[in-house]
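Each remark here refers to the structure printed beneath this line.
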Amino acid sequence: MPSTVETAAEQVARALLLINRALADPRGPRALLHRLGWSPPPGVDDIGLAALDLSDLLAKVTRLDALRASGTADDAELAVAVAEVAVAAAEAVDAVRRVPDGFVAPAGYLAATRIADEFVPRLTDLAVVGTTASAAPMVAAIAQLCGVFVTEHRAADPAVFQVEHLRHIVRWDRLGALFTDPGGVFREVYGWGTADFHGQELLHNLGNVLHFVSDDITSQPLPRRVEAQLAGVSAQEGQAMQLLLSLLRDQVTARDIGFTLFEVRRTAPAASDGGLGLAPYVLGTDQVDIPIAAGVALRLQTSVNVQDGVALVVRPGRPPAFRVNIMQAAGDVAGDGDALVATLRFARGPDRPIRLLAMPGGAVLEASAFVVGGGVGAGGADGSLLATTTGARLVVPAGLGDAFLARLLGGRDIDIAFDLGVEWSPHRGLTLHGSAGTALTLSLDERIGPVRLRALRLEFEAGPGGLAIEAGLVADAVLGPVTVAVDAVGLRGELGLQGGDLGPFDLSASVLTPDTLGLDIDAGPAQGGGSVTLDAEDGRYSGALAMRLHRIAVRGAGVLDTRLPGGRSGFSLLVLLSARFEPGVELGFGISLTGVGGLVGIDRRIDVDALSERFATGAAARILSADGSPRDLPAVLTELSEVFPPADGVLVVGPTLRLRWIKIVTLDVGVFLEFPGPTRAVVLGTARASVDNPLAAGPLLRLRCDFVGVLDLPAATFAFDAVLVDSHLLETFAVTGGLLLRAGWGDEPYAVLSVGGFHPDFAPGALVVPKTLTRLAMSRGDPGDAFFLRFEGYFAITPNTMQFGAAVEVGAKLGPLRIRGFVGFDALIRREPFAFAISFEARVQVKVRGRTLAGIKVHGRLAGPGPTVLYAKACVEILFFDICASKTFTLGGSFPPAVNVITSALEVLGRELRDPANLRAAAEDRMVALRDLPRSGTPVLAPTGLVWEQTRAPLGLLLERIEGSPLARAATVRVTGADVTEEELDWFAPGGFAELGDGEALNRRSFERLSSGVRLATGDDLSTGLPHTVMVEEFRLPEPPARPPRPGRVPVLDAPLWLIEAALVREGRADGRVRGPAFQVRPERWEVLDAAGRPLAEAGEAQAHQLARTVPAGAVAVPAGDRITLTDL
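If you're matching positions, the sequence shown starts at 1 in full-length UniProt numbering and goes up one per residue.
Put into structure tokens, the structure is as follows:
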């Protein structure tokens, strides 16, 4: 079954085909321009219209018509064909919009006609009016009556290339205004409520509509006495006309039933109260049903005798008047019980309902009968127009919407029957039956599995931008001890009047999903509840829960995503729970456990970057506690969604706990792990310390430290950050600062610790310093306050430096006088080669109204050793003058420290080769202890092999210095031998063995795995067997009865592979020699290329860089896999 949007798109497609048929004619472009009101430029038949190709749309519509005519196509084929037509229609609309871009005409013609701007609107209006008049002429007549379709005669105007034509215009803006301000529309179209009321034009358009009700319609003058009674004046010039519509005429009985419509002219020549009148001519107080067409009938009901004349008079600004006895000498006003009602009923059988709204997937809003009409009571106070449905049904198939609701419904469809009525009256406007406005709630009591349907909520919206209708269900579901309340799940249809995919309008139908879920929990001693909010655009449920179990309070927050990245089906869940209990569980030393909790994320991961950015803003406390006030809930849910985003196949779990120490220190901490793995562990926490002041309301000390630590196992790194948040001393001093810890144990091991930051001259390089790493400080006020005081300091350790510093700054303001002082120092100590640098500064300055009155400043630097140099400079400021003096002091000699002179790398490494301490058994088992053997002349080695390894200098690298001492001659040392099987690798700093410039040092890696030794084979095993007596005690157990093996299951030994291999070796059924690994990852090979790009040598990275420095200029070292060969094409 096609959806409402697809049906509308099909009608747009058929409208566009009218354009295609017009262009197919040889004179098509000229004829089409004439219909739109233009003539082509002189001597031109086509300005570019022939380029419009709608053949694909024609083929799709032709195929759809053929499938329908065949009678053998199933619903799936028809649905695909309709969808193809809808897509082709949208593409055709875009093609029509692009036609003006290809116009070929003189510039004067384009400017005079404004055809580039008006072509698409005129063509669209012509197609809409023509298609509606052909496919639904009654709709076209109603649209003309309401002023939506307007036809204007335009005279020829050669100046703007305009030909005489009828201009068809669609006023889309009036369509929405009909529901919000119908009086305004009729005032604009017919002059309703003005002295220029076009009553005959209104009657003419009403007659065009009534022709579809009955062909027996005539026009004749209205009797003067009737008009005199209704208008309240004597007969005016001319005679008013009336339309007589006969609905049921019987020639035999001479019975004629119908009604007349006539203009009620104004009561005075300049009055603005001209209106309309309606008078039925049916005898008796009876009800008459008049069949009009198949499934269409008109019903007339009246409670008065209309033989003497009954009329309904409608004038602007007044309630409708119900007049009786108008054919008598004196008319009368209807009594209190008098009423007149006329309705038009459209009905089909139950197997062919009238579809009101449909959408892809099978969701539909339909009715078996649809009734429109109007009526009036005595005095006109109850006059209204109405539309009702009977046998209406709302059907929402299972699985339509999000995955969570589909699972909740258990695969069963929602099918609700109801009746609906819409009414418009001058006093109340547009309302729904049973409601005072455009929203209505109908009570229900239906069950679908665990779901109970409580009510059906209907709502109608109308405005200048379009129309919308909603049908939603209110339900609750009982899932064990949890009751879930669902508000508004159903359908929503929208008609936009501002242009869209269907040309001048946009039609959409969508599933109406609930924006709020209520939770009520009743599990015996556990009582509580909560709410869940839905973000329909992102398909996300989020909410909070509060429960109490005796003396334990449990709170939680959660996020459920039903739309996953990449459009995958399923859902992603994140739940955070915390329990608080008083008194806590005592753990000793004054420490008590006052809370526990946990976090579970299904298809979730930990976004470390987002966590690091947010933890200093209070995210740690909000995520861990989950027990804040309701106003904090949006922030908590935002944190959870961004810190733990959806990720396919990743599980996040972790406990949280709260510790308290003698009511002074409180610690909230959580450890979160990512699985499978675990590959990553995150520690998130917040520590609070508070010391109460017995003499004042505020605490003496209040500290809060938020921290986050990340252990990344694949990357072999650990990062820890901490920051002081909202911390104060004596309610006067603000305490701030941050901490950083970084460590790595992978390819480039390192460790960095900083409390309060780094030395100003220290460059952290690739280390990312977070914004939270600020100076550890205690301050009072700001520099512009009357009194300002700040203490700050820092301490840092890196692999080769130690850094620390401190400063004090004081400021005071006495009227226009401002005094400010500062004293501080920064120290940097380098370990290898040893060096230190200490800078210091002290200054005092007095200003009056921003101008310096006097001041003194001293700064200097102490650096060493070899020699130790002290530099100091002092300046005195007096008004506009600076008096400065500086002095440099040198302490100690300038001789460099003594170093061991090394003349030969081979000599150094030769001594290492002869040192027995550098030998060890290969693959030694630390779980096995070897007893000492008696000394003999022959060495005894383990059968696993022998390793020689040293750490003074790398092997296979061009050495230019060792241990800081330059070599007389650069050399490369290698160890070879018949028994050498492979190299041993260790971490070295290549820059410590080469003479590198500053640029080279920056571009070279700090550490690399280089050859530190070799592994030697031991040859054949020369050991002999040792006798050992084994005592075996045997126990015989009765054999259990045989059981047939389970089909399809092969018994396996549930034991690790290493244990099985060890058992086989012990039994002599396997070789116990140490075998090499199954695969190895070796360092990338590099090549040394000369200036012409020819390879000179191949080696490891460090050796390749060293060799490139020793060959002629222009040689470079590049990875072996990065070479690109350029060829001429």
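Note that CB positions come from ideal geometry on N, CA and C, so glycine has one too.
Handout entry: Anticipated Cβ contact below 8 Å, F161 with S39, distance rounded
Key = 5 Å
Exercise for the section: Give the C-beta separation of A15 and V128 to the nearest angstrom, bearing in mind that I take them to be a contact with Cβ-Cβ under 8 Å. Expected result: 6 Å
Practice task
Look at the Cβ atom of A807, then the Cβ atom of F788, and state whether they are nearer than 8 Å.
Solution key: no
Exercise for the section: Identify whether F239 lies in helix, strand or coil by the three-state DSSP scheme. Expected result: It is worth fixing the name first, because residue 239 is Gln in this sequence and not Phe. It is coil, neither helix nor strand.
Practice task
Tell me whether A81 sits in a helix, a strand or coil according to DSSP, three-state version.
Solution key: helix
Problem - Under 8 Å between C-beta atoms of L599 and T656 - result: Their beta carbons are under 8 Å apart, which means L599 touches T656 by this criterion.
Handout entry: Local conformation of R318 per DSSP, three classes
Key = coil
Practice task
Look up R97 in the DSSP assignment and say whether it is helix, strand or coil.
Solution key: helix
Problem - Close Cβ partners of V264 (< 7 Å) along its chain, the five nearest in sequence each way excluded - result: L230, A231, G274, G275, L276, G277, V313 and R315
Handout entry: Integer Cβ distance of T801 from R830, believed to fall under 8 Å
Key = 5 Å
Handout entry: Extent of the continuous beta strand (DSSP E) to which P583 belongs
Key = S572 to G588
Practice task
Take E912 as the anchor and find which of V559, W948, S936 and F889 has the nearest alpha-carbon.
Solution key: W948
Problem - Three-state class that DSSP yields for T951 in the structure shown - result: coil
Handout entry: Validate contact between the region 986-997 and the region 953-971 using beta carbons, cut 8 Å, 3 pairs
Key = yes
Exercise for the section: Below 7 Å CB to CB, which residues in the same chain sit around R97 once its five sequence neighbours on both sides are set aside? Expected result: V120
Handout entry: Distance CB(G558)-CB(S542) smaller than 8 Å
Key = yes
Exercise for the section: Kindly indicate the opening and closing residues of the alpha helix (DSSP H) around V129. Expected result: Boundaries of the alpha helix (DSSP H) harbouring V129: I115 to A135, taken from the DSSP string.
Practice task
With DSSP as the reference, label S1006 as helix, strand or coil.
Solution key: coil
Handout entry: the region 959-979 touching the region 1060-1067, judged by at least three CB pairs closer than 8 Å
Key = Because the criterion of three Cβ pairs below 8 Å is not met, the region 959-979 and the region 1060-1067 do not touch.
Exercise for the section: Could you pull the start and end residues of the beta strand (DSSP E) that Y871 belongs to? Expected result: T868 to I878
Problem - Buried or exposed (CB count within 10 angstroms, at least 16 for buried), G964 - result: exposed
Practice task
Determine the direct distance from the alpha carbon of P764 to that of V1014, and round the result to whole angstroms.
Solution key: 36 Å
Exercise for the section: Report the rounded CA-to-CA distance for Q144 versus F103, giving the unit in angstroms. Expected result: Between Q144 and F103, the C-alpha separation is close to 33 Å.
Problem - C-alpha gap between L879 and G860, whole angstroms - result: 24 Å
Problem - DSSP three-state assignment for residue 1133, whether helix, strand or coil - result: Past the boundaries of the shown model lies residue 1133; the chain is included only from 1 to 1129, so the question cannot be answered.
Exercise for the section: Please determine, among T533, L701, E582 and V1116, the residue with the shortest C-alpha to C-alpha distance to L560. Expected result: T533
Exercise for the section: Inspect the CB distances between the region 1086-1093 and the region 1109-1123 and report whether three or more fall short of 8 Å. Expected result: Contact between the region 1086-1093 and the region 1109-1123 is present, because at least three Cβ pairs lie under 8 Å.
Handout entry: Span separating the alpha-carbon of E982 from that of A1099
Key = 16 Å
Exercise for the section: Return the first residue and the last residue of the alpha helix (DSSP H) that E907 is part of. Expected result: A905 to R914
Handout entry: Distance between V486 and I19 (C-alpha atoms, nearest Å)
Key = 49 Å
Handout entry: Which of helix, strand or coil DSSP assigns to H759
Key = coil
Exercise for the section: Tell me whether the beta-carbon of G183 lies closer than 8 Å to the beta-carbon of G191. Expected result: no
Exercise for the section: For Y281, name the three-state secondary structure that DSSP assigns. Expected result: coil
Practice task
Look up M138 in the DSSP assignment and give the residues it is bridged to.
Solution key: Partner(s): none; M138 has no beta bridge.
Problem - beta strand (DSSP E) segment containing A921, residue limits - result: L919 to A921
Practice task
Find the nearest neighbour of G815 within the set G793, Q803, G850 and W661, judged by alpha-carbon distance.
Solution key: G850
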